[in-house]
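Report on the following structure.
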Amino acid sequence: MKILVVDDFSTMRRIIKNLLRDLGFTNTHEADDGTTALPMLQGGGFDFLITDWNMPGMQGIDLLKAVRADEKLASLPVLMVTAESKREQIVEAAQAGVNGYVVKPFTAGTLEEKINKIFERVAA
Amino acid sequence: MSAGQQESQEMTQPGASKIELARALLRNLEEGAEDEASDTIAQLAGFRDNLLFKEVGRMTRELHESLKSFVVDSQLTNIATHEMPDATERLQYVIDQTEQAANTTLEAVESALPVADELRGEARALAEKWKQFNSSKMSLDDFRAMNSELGDFLDATQHNSEALHAKLTEILMAQGFQDLTGQIIRKVITMVSEVEIKLIELVRIAGTDGQSAEDIQEEKAKNAMGPVVPNVEHGDVVSGQDDVDDLLSSLGF
Chain A
2 MKILVVDDFS TMRRIIKNLL RDLGFTNTHE ADDGTTALPM LQGGGFDFLI
52 TDWNMPGMQG IDLLKAVRAD EKLASLPVLM VTAESKREQI VEAAQAGVNG
102 YVVKPFTAGT LEEKINKIFE RVAA
Chain B
327 MSAGQQESQE MTQPGASKIE LARALLRNLE EGAEDEASDT IAQLAGFRDN
377 LLFKEVGRMT RELHESLKSF VVDSQLTNIA THEMPDATER LQYVIDQTEQ
427 AANTTLEAVE SALPVADELR GEARALAEKW KQFNSSKMSL DDFRAMNSEL
477 GDFLDATQHN SEALHAKLTE ILMAQGFQDL TGQIIRKVIT MVSEVEIKLI
527 ELVRIAGTDG QSAEDIQEEK AKNAMGPVVP NVEHGDVVSG QDDVDDLLSS
577 LGF
């Protein structure tokens, strides 16, 4: 399972990577915004995308839209982990095709639960 | 000479009319016409008053225009009435968040250290006995005791390492403050830069005519809002992960 973690704060990327390792996912890669993430995703091989929303350059919501618009990436599961907590933003992300939405600050348990749920649904 | 004539003369040929008046004054004085001479002097003084009035008028108009652009500049008003108090709340929130993260980390460390010490102490005692056993200096009873101690130790190690893992995860999660406070501080920095731009503009308005920087406001509206800060207006926000889950499930998730 190859996972891409996108967040402009390296501390948050480390936190998520560590939590993923705890859950048994060791093949994780990092990008600091959508502009760097998209070519990595298009390079192929990623099974899961975890992205922040508020980033300089390309924001997470635009990355999500770009992923869904890309034929090869359209079905990639995407989990949003962000401090953005306006209802209209969550609705926008849902309409753009996000698979899960976690608001910061979050717990290790919440992240695990959302990831498991996404994989269950993808497997079904 | 009426005031109107005087002004029009002064406008067209200010020098000539002053000279005429001066000549008239000289004539009046030579002829000993004291009353006429006083009138002429009053007229000459009128020139200066007139210029003074015009200058005061011009300054009043400029002041009025400056004050008008100051009031019309709603962005500055917004900064003063909303963003400054917001910035104060945001920075206070940063202090609270960093304090909370530091406390969480310290508490986790304080509760993890005795667990590690306990494991080390037990391992040391067992290692001593293990050495005796290996050098065949152990009685059967002592061996039985060590055997049961070893079993307890392995159980405790499993349990304690799980506890240590949980504490380390707590420390890991507490570092999330850096992202959240970083986003907040960035917002405050943006606001401070805006105030700086507006103040420079104000200084410019005070000197010359004013123009406002509309594009800054437009750009601001597009930005994501960042973490929710208590006592700062954010609009319709969710109250936590449960709220997010409810909203998403209402959308068919």
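Sequence order for the protein chains is A and B. Quick note, the first sequence lines up with residues 2 to 125 if you use our numbering. Quick note, the second sequence lines up with residues 327 to 579 if you use our numbering. All C-beta atoms in this analysis are idealised placements derived from N, C-alpha and C, irrespective of residue type, glycine included.
Bridge partner(s) assigned by DSSP for A:A32: A:V7
Chain B contact for A:M13 (CB, 7 Å cutoff): At least one CB atom of chain B sits nearer than 7 Å to the CB of A:M13.
Beta carbon of B:M472 nearer than 7 Å to that of B:K457: Taking 7 Å as the Cβ cut-off, B:M472 and B:K457 do not qualify as a contacting pair.
Rounded separation between A:R14 and A:V6 - CA only: 6 Å
Cβ neighbour criterion (16 or more within 10 Å) applied to A:Q60: buried
Under 7 Å by beta carbon: chain A residues contacting B:Q484: Neighbours of B:Q484 in chain A, taken as residues at a C-beta separation under 7 Å, are lacking, since the least C-beta distance is about 17 Å.
Local conformation of A:K105 per DSSP, three classes: The answer is coil: DSSP assigns A:K105 none of H, G, I, E or B.
Range covered by the alpha helix (DSSP H) that runs through B:M499: 466-500
Selection of the stretch 499-515 of chain B by Cβ proximity to chain A, strictly under 7 Å: Near chain A, meaning a CB-to-CB distance below 7 Å, the residues of the stretch 499-515 of chain B are M499, Q501, G502, Q504, D505, L506, G508, Q509.
Cβ contact (3+ pairs, closer than 8 Å) linking the stretch 437-456 of chain B and the stretch 558-575 of chain B: no
Those residues which DSSP pairs with A:V79 across a bridge: Paired residues: A:L50.
Sequence-distant residues of the same chain with beta carbon closer than 6 Å to B:N376, five excluded per side: none
At least 3 beta-carbon pairs within less than 8 Å: the stretch 62-77 of chain A vs the stretch 88-106 of chain A: Inter-segment contact for the stretch 62-77 of chain A and the stretch 88-106 of chain A is present: three or more beta-carbon pairs are separated by less than 8 Å.
Backbone secondary structure at A:K87 - three-state DSSP: Here A:K87 sits in strand by DSSP.
Cross-chain neighbours of A:P106 in chain B, by beta carbon under 7 Å: G502, L506
Cα-Cα separation between A:S11 and A:D71, rounded to whole angstroms: 27 Å
Under 7 Å (Cβ pairs) to chain B, residues found in the stretch 35-63 of chain A: W54, N55, Q60
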